[in-house]
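**Student:** Using my numbering, read the sequence shown as starting at 336 and increasing by one per residue. Glycine is no exception: its CB is placed at the ideal position from the N, C-alpha and C atoms.
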Amino acid sequence: MAAEHLAVLVMSWTGMGFFMSKLIGINRHWGEARNSGNIAARHFFASSFCLAAGLAIPAVTLETYHLSSLLEALPGLPASYLFISALLVITAGMIQSAIYPFHRWLLSSMTAPTPSSALMHAGFVNGAGLLLTLTAPLIVLSDTSTLLFIIGGLCAVVAQFAKLLQISVKQRLACSTIAQMGFMIMQCGLGFYNAAVAHLILHGFYKAYLFLSSGEGVQQTHPKLPPQIRITPGQTLFVLVNGLAGAWLFAQLTGKGLQVDSGIFLTLIVAIAVGQVTYNFIKQYTLPTLYRITVPVLMYMAGIILYALAYNGVGAFMAETPMAMAPQQLTPVQVFFGILFLIGFFIMKLGIYRKYPWLYVQLLNTTQPFRQTVLKFKKQ
336 MAAEHLAVLV MSWTGMGFFM SKLIGINRHW GEARNSGNIA ARHFFASSFC
386 LAAGLAIPAV TLETYHLSSL LEALPGLPAS YLFISALLVI TAGMIQSAIY
436 PFHRWLLSSM TAPTPSSALM HAGFVNGAGL LLTLTAPLIV LSDTSTLLFI
486 IGGLCAVVAQ FAKLLQISVK QRLACSTIAQ MGFMIMQCGL GFYNAAVAHL
536 ILHGFYKAYL FLSSGEGVQQ THPKLPPQIR ITPGQTLFVL VNGLAGAWLF
586 AQLTGKGLQV DSGIFLTLIV AIAVGQVTYN FIKQYTLPTL YRITVPVLMY
636 MAGIILYALA YNGVGAFMAE TPMAMAPQQL TPVQVFFGIL FLIGFFIMKL
686 GIYRKYPWLY VQLLNTTQPF RQTVLKFKKQ
């Protein structure tokens, strides 16, 4: 990602995919592992091809092969060239980060050893965030930011839904990673590339820990009735107040949401997250009342402060990166898909999706790995 020459960038991107596919299929005596590695390799080759083509269009047209000079000269490129180039670069990032509809290679990579999975989920799949940050001027000038926002938002909601249906620990983590990558793409679409980088760093630490400790989560479970959401008017008010307080603190510490621009979406998501944390505590009636009231406040305050430190630190580090923070003006399309995103979130949290079997089947089919990578039997 520090490469200045476009050829070095493309070759490094290709090499990263090559070695990751070898790690996925490292057990060459296991047919399913070989198939998983081959499928991943084909996806990564397609990603490298899209990246090479996407960068070649402006490079050949502008006759410059250095990234910094290329980005400076982009305003002189025809709009159609900008759009095609941006689409190819976005596609390259989507494939590597397992964004819908290119997600199945990640769901088919369960044959990889757990340390390799930790490396893949905590580092490799974050490639789209870094690539889009490097090429942010191309995305902004081509007017494809709204497209990124839509792709990321839909991916985040669908993958989070699909996560609820998985019974395997690794498959749950894979769906979680896809959802997080969708949210990262959405942040890029909103113009907050520095926030996307902060997100991928924090997600990397979190997901590496989850994978390396996944063996501790093995336990025998039995089907349970879905929990019913019951909340009193007083609890509702407490959740709303805490959500608004968390959003205000987030806006003050990061500067997002203080203006009428795309930052409002991120502040709104923080308000929802804080409300969810608060609700998770106040519904625990076995805990003392004082504990249920004070702990969520302390938790979200600590979480927001730590995130603000990471965000501001990344922002300072990326101060010279072109368009690292380029908030977008609110558009009707953004508002519409933002409302759809919120509706999907509440449908998921309220469990409404359980009343529609067709939705369950569709989500389950969408998140199936490739058939040739599924282990059907194992020799003793």
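Considering only their Cβ atoms, is the gap separating Ala471 from Ala659 smaller than 8 Å?
**Tutor:** One-based indexing of the sequence shown puts residue 659 at position 324. One-based indexing of the sequence shown puts residue 471 at position 136. Yes, the pair counts as a contact, with Cβ atoms nearer than the cut-off.
**Student:** So the alpha helix (DSSP H) Gly569 belongs to, where does it begin and stop?
**Tutor:** As a working mapping, residue 569 is identified with position 234 in the sequence shown. Start and end: Pro568 to Thr589.
**Student:** What's the gap between the Cα of Phe652 and the Cα of Leu466?
**Tutor:** As a first step, residue 652 must be located in the sequence shown, where it is residue number 317. As a first step, residue 466 must be located in the sequence shown, where it is residue number 131. Straight-line Cα distance between these residues: approximately 17 Å.
**Student:** Grouping DSSP H, G and I as helix and E and B as strand, with all else coil, what is Met653?
**Tutor:** Start at 1 with the first residue of the sequence shown, and residue 653 comes out as number 318. Three-state DSSP puts Met653 in coil, outside helix and strand.
**Student:** Can you check whether the CB of Thr399 is closer than 8 Å to the CB of Leu390?
**Tutor:** Stepping through the sequence shown from its first residue, residue 390 is reached at position 55. Stepping through the sequence shown from its first residue, residue 399 is reached at position 64. It is not a contact, given that the beta carbons lie outside the stated cut-off.
**Student:** Give me the Cα-Cα distance between Asn615 and Arg627, rounded to the nearest whole angstrom.
**Tutor:** Translated into the one-based positions of the sequence shown, residue 615 becomes position 280. Translated into the one-based positions of the sequence shown, residue 627 becomes position 292. Each residue's Cα considered, the two are about 9 Å apart.
**Student:** Is there contact here, the region 595-606 with the region 656-674, by at least three beta-carbon pairs under 8 Å?
**Tutor:** yes
**Student:** Taking the alpha helix (DSSP H) that Gly329 falls in, what are its first and last residues?
**Tutor:** In this structure the chain extends from 336 to 715, so residue 329 is not present and cannot be described.
**Student:** From Ile425 to Trp440, what distance separates their C-alpha atoms?
**Tutor:** As a position in the sequence shown, residue 425 is number 90, starting the count at 1. As a position in the sequence shown, residue 440 is number 105, starting the count at 1. Computed Cα separation, rounded: 17 Å.
**Student:** Taking all protein chains shown into account, decide if Lys591 is buried (16 or more other Cβ within 10 angstroms of its Cβ) or exposed.
**Tutor:** Taking the first residue of the sequence shown as 1, we reach residue 591 at position 256. It is buried - the Cβ of Lys591 has at least 16 other Cβ atoms within 10 Å.
**Student:** Beta-carbon within less than 6 Å of Gly372's beta-carbon, same chain only, minus the 5 sequence neighbours each way: which residues are those?
**Tutor:** Position 37 of the sequence shown, counted from the start, is the residue given in the question as residue 372. Cβ within range, chain order: Ser356, Ile359 and Gly360.
**Student:** Helix, strand or coil for Met660, going by three-state DSSP, please let me know.
**Tutor:** Walking along the sequence shown from the start, residue 660 turns up at place 325. If DSSP states are grouped into helix, strand and coil, Met660 belongs with the strands.
**Student:** Please report the straight-line C-alpha distance between Val609 and Tyr635, rounded to a whole angstrom.
**Tutor:** Within the sequence shown, residue 609 is the residue found at index 274, counting from 1. Within the sequence shown, residue 635 is the residue found at index 300, counting from 1. When rounded, the distance between both Cα atoms is 6 Å.
**Student:** Residues in the same chain with beta-carbon distance under 6 Å from Thr479, minus the five sequence neighbours each way, listed in chain order, please.
**Tutor:** The residue you call residue 479 lines up with position 144 of the sequence shown. Ala421.
**Student:** Between Pro657 and the rest of its own chain, which residues show a CB-CB distance below 7 Å, the 5 nearest in sequence each way excluded?
**Tutor:** What you label residue 657 is simply residue 322 of the sequence shown in a count that begins at 1. Excluding positions up to five away in sequence, the list reads Leu406, Ala471 and Pro472.
**Student:** Three or more beta-carbon pairs under 8 Å between the region 441-451 and the region 518-538, yes or no?
**Tutor:** No, they do not touch.
**Student:** Mapping DSSP to helix, strand and coil, what is Val345?
**Tutor:** Within the sequence shown, residue 345 is the residue found at index 10, counting from 1. Looking at Val345 - three-state DSSP - the assignment turns out to be helix.
**Student:** Nearest CA to the CA of Gly638: which residue from Ile682, Thr613 and Leu409?
**Tutor:** The residue labelled residue 638 in the question sits at position 303 within the sequence shown. When each option's Cα is compared against that of Gly638, the closest is Thr613.
**Student:** Identify whether Phe540 lies in helix, strand or coil by the three-state DSSP scheme.
**Tutor:** Counted from its first residue, the sequence shown places residue 540 at position 205. Helix, per DSSP.
**Student:** Is DSSP giving His534 helix, strand or coil here?
**Tutor:** As a first step, residue 534 must be located in the sequence shown, where it is residue number 199. It is helical.
**Student:** Over what stretch of residues does the alpha helix (DSSP H) that includes Met429 continue unbroken?
**Tutor:** As a position in the sequence shown, residue 429 is number 94, starting the count at 1. Met429 -> alpha helix (DSSP H) spans Ala414 to Gln431.
**Student:** State whether the region 453-462 contacts the region 485-500, with contact taken as three or more CB pairs (one from each stretch) at a distance under 8 Å.
**Tutor:** no
**Student:** Could you tell me the alpha carbon to alpha carbon distance between Ile430 and Pro704, rounded to whole angstroms?
**Tutor:** Within the sequence shown, numbered from 1, the residue matching residue 430 stands at position 95. Within the sequence shown, numbered from 1, the residue matching residue 704 stands at position 369. Roughly 15 Å separates the two Cα atoms.
**Student:** On the DSSP bridge assignment, give the partners of Phe353 in chain order.
**Tutor:** The residue given as residue 353 occupies position 18 in the sequence shown. As DSSP reads the structure, Phe353 sits in no beta bridge.
**Student:** Report all residues from its chain with a CB closer than 7 Å to the CB of Ala533; omit the five preceding and five following residues, and keep chain order.
**Tutor:** Residue 533 sits at position 198 when you count from the first residue of the sequence shown. The residues are Ala645, Tyr646 and Val649.
**Student:** Enumerate in chain order the residues of its own chain whose CB-to-CB distance from Thr349 is below 6 Å, with the five nearest sequence positions on each side excluded.
**Tutor:** On the sequence shown, position 14 is the one that residue 349 refers to. The residues are Ser383.
**Student:** Does the ligand MG have a heavy atom nearer than 7 Å to the CB of Arg689?
**Tutor:** Summarising the ligand content, the structure contains no ligands, and the ligand MG is consequently not present.
**Student:** Can you give me the C-alpha to C-alpha distance between Asn362 and Phe437, rounded to a whole angstrom?
**Tutor:** In the sequence shown, the residue the question calls residue 362 occupies position 27. In the sequence shown, the residue the question calls residue 437 occupies position 102. Their backbone Cα atoms lie some 24 Å apart in a straight line.
**Student:** Measuring CB to CB, does Gly517 end up less than 8 Å from Gly539?
**Tutor:** By one-based count along the sequence shown, residue 517 stands at place 182. By one-based count along the sequence shown, residue 539 stands at place 204. Between Gly517 and Gly539, the gap from beta carbon to beta carbon reaches 8 Å or more.
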